[in-house]
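Below you'll find the structure, written out as structure tokens, and then a few comments.
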Amino acid sequence: MYGTASDERAVKVPASEAWKLIGTLQLAYFIEESLPHLITKIHVLEGDGSAGTILHATFPPGREDGMKWFKEKFTVVDDEKRVKVAEVVEGGYLEAGFTMYRITLEVNEAEEEKQHCVIRTTLEYELKEEAAANAFLASIQPLTAIMELAADSLQRNYTHNKATITN
Numbered sequence: 001m002y003g004t005a006s007d008e009r010a011v012k013v014p015a016s017e018a019w020k021l022i023g024t025l026q027l028a029y030f031i032e033e034s035l036p037h038l039i040t041k042i043h044v045l046e047g048d049g050s051a052g053t054i055l056h057a058t059f060p061p062g063r064e065d066g067m068k069w070f071k072e073k074f075t076v077v078d079d080e081k082r083v084k085v086a087e088v089v090e091g092g093y094l095e096a097g098f099t100m101y102r103i104t105l106e107v108n109e110a111e112e113e114k115q116h117c118v119i120r121t122t123l124e125y126e127l128k129e130e131a132a133a134n135a136f137l138a139s140i141q142p143l144t145a146i147m148e149l150a151a152d153s154l155q156r157n158y159t160h161n162k163a164t165i166t167n
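Numbering (full-length UniProt numbering), first residue to last: 1 to 167.
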């Protein structure tokens with residue numbers, strides 16, 4: 001079983017500013033700090049945030065689905081195109097019957113406004129037929145929550161920094 005879901009979020013900062021968070025390990029630290037009810041801890045096991053980086057993420061205890069952790073690998077980090085792709089390589093979703101669980105983050109300039117951008121989040125997954133009951137785990141909602149908070153933080157910090165520079 002294959003599935004996909006996506007979300008787009010307009011952000012009132014230049015794409016280059018948004019990429020400083022989305023395209024780096026800063027996003028992992030932001031998630032850990034801002035959303036402990038989704039992910040309690042993220043350890044960098046290998047890499048510097050470029051392609052090949054491997055993270056170990058720990059879920060909060062007591063999840064109804066029983067998932068405790070997962071490892072994900074950045075398979076693409078393209079600073080020119082502002083695209084990051086991460087795939088779960090161990091634990092969590094794979095133990096629940098997924099054979100592929102991939103997240104793609106893209107930061108694009110907004111066509112109408114150079115000082116704005118659009119962050120597109122795409123979830124793709126493949127699930128074994130015998131694990132079809134676990135399809136509910138492939139939800140875009142946690143990713144949407146992360147991007148919503150990230151967008152708010154980016155806009156708040158960019159506006160503050162811009163005001164500080166002009167004063």
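Ideal Cβ placement from N, Cα and C applies to all residues, glycine included. Quick caveat, the model's predicted, so the values are computed rather than measured.
CB contact flag (residue i, residue j, <8 Å)
| i | j | result |
| --- | --- | --- |
| residue 5 | residue 11 | no |
| residue 143 | residue 123 | yes |
| residue 126 | residue 100 | yes |
| residue 23 | residue 120 | no |
| residue 105 | residue 13 | no |
| residue 15 | residue 85 | no |
| residue 96 | residue 1 | no |
Cα-Cα separation, residue i to residue j
| i | j | result |
| --- | --- | --- |
| residue 55 | residue 44 | 5 Å |
| residue 60 | residue 103 | 20 Å |
| residue 157 | residue 31 | 16 Å |
| residue 72 | residue 79 | 19 Å |
| residue 150 | residue 128 | 32 Å |
| residue 7 | residue 37 | 21 Å |
| residue 50 | residue 134 | 31 Å |
| residue 67 | residue 116 | 37 Å |
Sheet register partners of residue i (DSSP bridge)
| i | result |
| --- | --- |
| residue 6 | 122 |
Nearest-angstrom Cβ-Cβ length linking residue i and residue j, presumed shorter than 8 Å
| i | j | result |
| --- | --- | --- |
| residue 53 | residue 74 | 4 Å |
| residue 145 | residue 35 | 7 Å |
Neighbour flag for residue i against chain B, beta carbons, 8 Å
| i | result |
| --- | --- |
| residue 66 | In summary, chain B is missing from the structure at hand, where a single protein chain is found. |
(request) Write down every uninterrupted run of the beta strand (DSSP E) in the UniProt domain "Bet v I/Major latex protein" (3–147) whose length is 3 residues or greater and which is fully enclosed by it, in chain order. (result) 41–46, 54–58, 69–78, 83–91, 98–110 and 113–127
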